[in-house]
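These notes concern the structure reproduced below.
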Amino acid sequence: MNISNIKSRFPVFKKNPNLVFLDTAASALKVDEMIEATNNCYSNEYANIHRGNYELSSKLTKKFEDARKKVADYLNISENNIIFVKSATEGINLVASCMSKRYLNDGDEIILSYLEHHANLIPWHLIEKNIRIVPLGLNENSEINYNELNNKINSKTKLISLTHMSNVTGSITNFNKVKDFAKKDNIPLLLDGCQFAPHKKVDLKELDPDFYVFSAHKMYGPSGLGILYMKDKWIDEFSPYQGGGQMINDVEINKSTYATGYEKFEAGTPPIAPVIGFSSSLNFMNEVDPNVIYDYEMKLHDYAYEKLSKFNNIKIFGSNKHKGAIISFNIEGVHNSDFGAMLDKKNIAIRTGHHCCQPLMKHFNVTGTSRISFGIYNTKEDVDYFIDSIHEITKILL
Ligand SMILES: Cc1ncc(COP(=O)(O)O)c(C=O)c1O
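Numbering (the numbering used here), first residue to last: 10 to 407.
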């Protein structure tokens, strides 16, 4: 893989060639093909879809539905199980809200973990049923302690909802282990794929969760689009999440019946241009190959992890095993936000703070960390410059 070719696919580097972007876990930089497809959609192809009986509308409707098929093919499942939402966050809120109406009862329990992003915590706090959240603890490597599933699953357990990869430590969930426990008792599974999907091949037929969510913007794609995979059983069982145009069968002034299938969950004008743009991001992912992306980023990760481990005054959170290319750490005596601000002066972008994972921060007994995360455009030189900058900054601050 020729990295300079890859970098040239990201227009931001034309304007800012020395940018060292180490915050892909928050949102990835945008690939040219996606920007051009989005631009072309608005410039030349745009009309509302599904409704118009004129050529512009019908052509874009076909392109939109072809994109749904492309997303489904990428994940190795049927397009009938793909629901477009505005973000992964909305996807989890949709599942939580629908489960609360049709499936959960007061006193039920759902199992989450201390690695969860707030997007997989707060939707469960907000539902109107009085459920109990049972958290899985972490082992000495800050990975989910799967052994706890044995004691924590009981007759009240109605869902296991876990991150596929932690946005703080990069730890990848061993989903097969979780499945072994869950399937025995027929407990549905939700996987939050926000951090995993952009970096490694996802085969949902093989993984076989009940629900899978991720966001297009972390995958070199547009913001404003989340993908929710839902098994047929739940599509049939759940009632609509929101009401409005497109999700109906028949409407009278005081009552309505609803569409079946995924359409039931897509009320109103959908994120048309983001879906068209995301289809092009997937072309890029396929061109490079998601497993090549993983191997490349992990080489950078391992290189950075080793260099960071050599500092006596740096504490790394999480291990360097079973993970994706994210490292969280703190420098003794340096506040992470001062560190981030000083890196910014050197044209290095990292994320600092609690990373929307306050329970995990409390588990680590910190208020925040510094986090670096890699994308396909990063290089070994980025890591070297970053490490040199740590030496310079700590000389000034300590
Ligand atoms: C693990 C994880 N889950 C969920 C989310 C929420 O994604 P979004 O803000 O795109 O809805 C994020 C975003 O950082 C994340 O890292």
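Glycine residues also receive a C-beta, built at the ideal position from the N, C-alpha and C atoms.
The model shown is predicted, which means the values in this text are computed figures rather than measured ones.
I'd like the span of the beta strand (DSSP E) that includes residue i, first residue to last.
{"i": "E261", "result": "257 to 261"}
{"i": "K316", "result": "First-last for K316: 299 to 318, but that is the alpha helix (DSSP H), not the beta strand (DSSP E)."}
{"i": "N339", "result": "335 to 340"}
{"i": "L65", "result": "Where L65 is concerned, there is no enclosing beta strand (DSSP E), although the alpha helix (DSSP H) it sits in stretches over 64 to 84."}
{"i": "M6", "result": "Residue 6 is absent from the model: the chain starts at 10 and stops at 407."}
{"i": "A190", "result": "Correcting the residue identity first, residue 190 is Phe in this sequence and not Ala. Note, F190: premise wrong, no beta strand (DSSP E); alpha helix (DSSP H) at 184 to 193."}
{"i": "P144", "result": "141 to 145"}
{"i": "K214", "result": "Premise fails: K214 lies in the alpha helix (DSSP H), 213 to 216, not in any beta strand (DSSP E)."}
Measure the C-alpha to C-alpha separation of residue i and residue j and round it to an integer number of angstroms.
{"i": "I335", "j": "S328", "result": "11 Å"}
{"i": "T182", "j": "Q367", "result": "19 Å"}
{"i": "Y55", "j": "L69", "result": "7 Å"}
{"i": "S398", "j": "M351", "result": "9 Å"}
{"i": "P197", "j": "S52", "result": "43 Å"}
{"i": "H59", "j": "L124", "result": "40 Å"}
{"i": "F220", "j": "N27", "result": "40 Å"}
{"i": "K161", "j": "V143", "result": "7 Å"}
{"i": "N321", "j": "N339", "result": "11 Å"}
{"i": "H344", "j": "G377", "result": "9 Å"}
{"i": "L317", "j": "N114", "result": "47 Å"}
{"i": "L234", "j": "N176", "result": "19 Å"}
Given a threshold of 16 other Cβ atoms within 10 Å of its Cβ, counted over all protein chains shown, does residue i qualify as buried or as exposed?
{"i": "I262", "result": "exposed"}
{"i": "K404", "result": "exposed"}
{"i": "D82", "result": "exposed"}
{"i": "V187", "result": "buried"}
{"i": "H126", "result": "buried"}
{"i": "S170", "result": "buried"}
{"i": "Y63", "result": "exposed"}
Looking at ligand 1, does it come within less than 8 Å of residue i, judged from the CB to the closest heavy atom?
{"i": "M370", "result": "no"}
{"i": "P99", "result": "The sequence shown places Glu at residue 99, not Pro. Answer for E99: yes, Cβ within range of ligand 1."}
{"i": "G286", "result": "no"}
{"i": "Q204", "result": "yes"}
{"i": "G333", "result": "no"}
{"i": "T172", "result": "yes"}
{"i": "K227", "result": "yes"}
{"i": "H400", "result": "no"}
{"i": "G235", "result": "yes"}
{"i": "H208", "result": "no"}
{"i": "D212", "result": "no"}
Starting from residue i, follow the alpha helix (DSSP H) in both directions and report where the run begins and ends.
{"i": "R18", "result": "Per DSSP, R18 belongs to no alpha helix (DSSP H) and is neither H nor E."}
{"i": "P368", "result": "367 to 373"}
{"i": "G100", "result": "97 to 111"}
{"i": "I396", "result": "389 to 406"}
{"i": "T47", "result": "41 to 49"}
{"i": "D241", "result": "241 to 246"}
Consider the Cβ of residue i: report whether some Cβ of chain C lies at a distance smaller than 9 Å.
{"i": "L200", "result": "The chain inventory of the structure shown lacks chain C, comprising one protein chain alone."}
Is there contact between the stretch 186 to 201 and the stretch 380 to 390, where contact requires at least three CB pairs shorter than 8 Å?
Put simply, the stretch 186 to 201 does not touch the stretch 380 to 390. Fewer than three CB pairs are less than 8 Å apart.
Between the stretch 84 to 91 and the stretch 236 to 246, do at least 3 Cβ pairs fall closer than 8 Å?
In short, these stretches touch, since the Cβ pair count reaches three.
Is the stretch 209 to 217 close to the stretch 129 to 146, with three or more CB pairs under 8 Å?
no
Can we say the stretch 277 to 284 touches the stretch 93 to 102, given the rule of at least three CB pairs closer than 8 Å?
With a cut-off of 8 Å on Cβ pairs, the stretch 277 to 284 is in contact with the stretch 93 to 102, counting three or more such pairs.
Whether or not the stretch 98 to 114 and the stretch 153 to 160 are in contact is what I'm after, with contact meaning three or more pairs of Cβ atoms, one per stretch, closer than 8 Å; do they touch?
Because the criterion of three Cβ pairs below 8 Å is not met, the stretch 153 to 160 and the stretch 98 to 114 do not touch.
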